[in-house]
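Undergrad: Below is the structure I would like to discuss, written out as structure tokens.
Protein chains in written order, with our numbering: chain R, 1 to 246; chain V, 1001 to 1246.
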């Protein structure tokens, strides 16, 4: 058997997230596994770099899977793109070392959250941008608050699952807040992110940007290790997994 | 009464085109007219620069309408964006001279047709790009053919309505064929375009690009004034009305 690494893009609007669910629901992992299983004739399991929530998109999700050696990479790529639904695309397929594991080998990830803060909706990208019209967001305040996120912290306050048993310590290496025309986009790079973490970080930065939370109260929000101290959970559709590093 | 000029963007996917249809169907013109009528309390008619086919999009459609003087431009802009569906946005509203007529005052229009000629689908913009995978398109051949379209011609061969009674003479001032990554986009500028004309021109240029039609046979295709001589009608979803000149 040969191990393969694939880079995958998806519009997550209609999916119940990346990962196959015990209770069913349509997932991106499930769709890819189904097409590969159909191609090979036996069950093929697909390993992703990590989950993305329901409704979250990906520009560079990474997965790996084992296939019989007879399948060439162009054949696999074309087969996948022919049979996958139009909201999932495989950008590349390449042979990988047998030790390559999309989740365990992952060194870091970058997510982008996009916000339209104008009164005019973006009709063409509305499924990929959060249209926030409640108040004007001050980008400089967001930047000030974002600085406090950098480093190794216990991000329990920003975790959507307050019953989590595993470690909630993560390292964020970069948070950049950018503005282009009426769009604000925030890029988060780190070694990993907890459930809903990027969306809660974004909701908190928006609350800072509109004056509801002071930028300098960020360290305290982190220290309390309590979800209630942080801001709201920004909706999933503004979020996209940009890339995964190995 | 005050005349207003508005610039409108829409994702045409779900609409039966710009123009209100006698036999019903949901149209962009109809939606805008409904919201303005609700705002004013009396019927408001909306004049567009011209129709766009069902499924065609617009980045810069222009319309005008008469409203009682008491409504300010920011009020109208915000009211429209609040009550229009999320696939229609009004980018600007300004006071216009009483003689301004979106259709009759129009001096020219620019349309863009977008083609993805790779095997990998574009998941995020798939509703705005024609994914053409039948063959590899030679952009240089398209450019050569496009030159013959420039000027004042009878475009009957490129008209979707072969029972048209009005003149089918139009002037095309520019056709540019561009390639960026895997995307080919063709920009057409002219004083006006016949029904389906940009889509038939595009289908013909694709037929040239894949070697089915010779670039130098374009003058003959124009001269025959017969729809059968031209190429296929490219699907509506790749087409967007970029801007209208006055």
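Even glycine gets a Cβ: it sits at the ideal position worked out from N, Cα and C.
(1) Please report how far the alpha carbon of residue 63(R) lies from the alpha carbon of residue 1101(V), in whole angstroms.
(2) Do you know offhand how far residue 1160(V)'s Cα is from residue 1117(V)'s?
(3) By the three-class DSSP mapping on this structure, what secondary structure does residue 1020(V) have?
(4) Which word fits residue 52(R), buried or exposed, when buried means at least 16 other C-beta atoms lie within 10 angstroms of its C-beta?
(5) Quick check: the stretch 91-108 of chain R against the stretch 2-9 of chain R, are there 3 or more CB pairs under 8 Å?
(6) Under a Cβ-count criterion, where at least 16 other Cβ atoms within 10 Å of its own Cβ denotes burial, should residue 1029(V) be classed as buried or exposed?
(7) Hey, residue 109(R) and residue 241(R) are a contact pair by Cβ (cut 8 Å); roughly how many whole angstroms apart?
(8) So, does the CB of residue 29(R) fall closer than 8 Å to a CB anywhere in chain V?
(9) Could you confirm whether any beta carbon from chain R is found closer than 8 Å to the beta carbon of residue 1119(V)?
(10) Compare the C-alpha of residue 197(R) against each of 89(R), 20(R), 86(R), 56(R) and name the closest.
(11) So what's residue 1196(V) in DSSP terms, helix, strand or just coil?
(12) Using a Cβ-Cβ cut-off of 8 Å, state whether residue 1010(V) counts as contacting chain R.
(13) Under a three-way DSSP split, which group does residue 78(R) fall into?
(14) Using the DSSP secondary-structure output, state which residues sit across from residue 1066(V) in a beta bridge.
(15) For residue 88(R), which residues in chain V fall below 8 Å Cβ to Cβ?
(16) Looking at the unbroken alpha helix (DSSP H) that takes in residue 1094(V), where does it start and where does it end?
(17) Along chain R, which residues have their Cβ under 8 Å away from the Cβ of residue 1081(V)?
(18) What's the call for residue 204(R), buried or exposed, on a 16-neighbour Cβ count within 10 Å?
(19) Any residues in the stretch 53-83 of chain R with a beta carbon nearer than 7 Å to a beta carbon of chain V? Which ones, in chain order?
(20) Residues of chain V with a CB under 9 Å from the CB of residue 128(R): which are they?
(21) Quick check: the Cα distance between residue 1114(V) and residue 1185(V), rounded to an integer number of angstroms?
(22) Take residue 112(R) as the anchor and find which of 229(R), 218(R), 206(R), 175(R) has the nearest alpha-carbon.
(23) Taking the beta strand (DSSP E) that residue 1152(V) belongs to, which residues open and close that run?
(24) Kindly indicate which residue of 86(R), 60(R), 93(R) has the alpha-carbon position closest to the one of residue 75(R).
(25) Please state if the CB of residue 1235(V) and the CB of residue 1130(V) are separated by a distance shorter than 8 Å.
(26) Could you list the residues in the stretch 85-111 of chain R with a C-beta less than 9 Å from some C-beta on chain V, going in chain order?
(27) Do residue 1194(V) and residue 1232(V) have their C-beta atoms closer together than 8 Å?
(28) Rounded to whole angstroms, what's the CA-CA distance from residue 1208(V) to residue 1139(V)? Just pull it up for me.
(29) If we count the other Cβ atoms within 10 Å of its Cβ and call it buried at 16 or more, is residue 1104(V) buried or exposed?
(30) Return the chain-ordered list of same chain residues with a C-beta closer than 8 Å to the C-beta of residue 1047(V), the five sequence neighbours on each side being excluded.
(31) Restricting to Cα atoms, I'd like to know which of 107(R), 167(R), 86(R) is closest to residue 1123(V).
(32) Using 8 Å for Cβ pairs, my map puts residue 1226(V) next to residue 1167(V). What's the rounded Cβ distance?
(33) Short of 8 Å in beta carbon distance, which residues of its chain neighbour residue 1128(V), apart from the five on each side in sequence? Order them along the chain.
(34) Quick check: the Cα distance between residue 1162(V) and residue 1221(V), rounded to an integer number of angstroms?
TA: So, to answer that:
(1) 55 Å
(2) 25 Å
(3) Note: residue 1020(V) maps to coil in three-state DSSP.
(4) buried
(5) yes
(6) A residue is called buried once 16 or more other Cβ atoms fall within 10 Å of its Cβ, and residue 1029(V) is buried on that count.
(7) Sure, about 7 Å apart at Cβ, within 8 Å.
(8) Interface residue (Cβ-Cβ distance to chain V less than 8 Å): residue 29(R) is not classified as such.
(9) yes
(10) 56(R)
(11) coil
(12) Taking CB atoms only, residue 1010(V) has a neighbour in chain R less than 8 Å away.
(13) helix
(14) According to DSSP, which records beta bridges pairwise, residue 1066(V) is partnered with 1003(V).
(15) 1123
(16) Per DSSP, residue 1094(V) belongs to no alpha helix (DSSP H); it is in the beta strand (DSSP E), 1088-1096.
(17) 119, 120, 121
(18) buried
(19) 78, 81
(20) 1124
(21) 4 Å
(22) 175(R)
(23) 1151-1154
(24) 93(R)
(25) yes
(26) 86, 87, 88, 89, 90, 91, 92
(27) no
(28) 9 Å
(29) exposed
(30) For residue 1047(V), the CB contacts under 8 Å within the same chain, skipping 5 residues up- and downstream, are 1063, 1064, 1065, 1101, 1102, 1103 in chain order.
(31) Residue 86(R) is the option with its Cα nearest to residue 1123(V).
(32) Incorrect: roughly 17 Å between the Cβ atoms, too far for contact.
(33) 1011, 1057, 1114, 1237, 1238, 1240
(34) Their backbone Cα atoms lie some 15 Å apart in a straight line.
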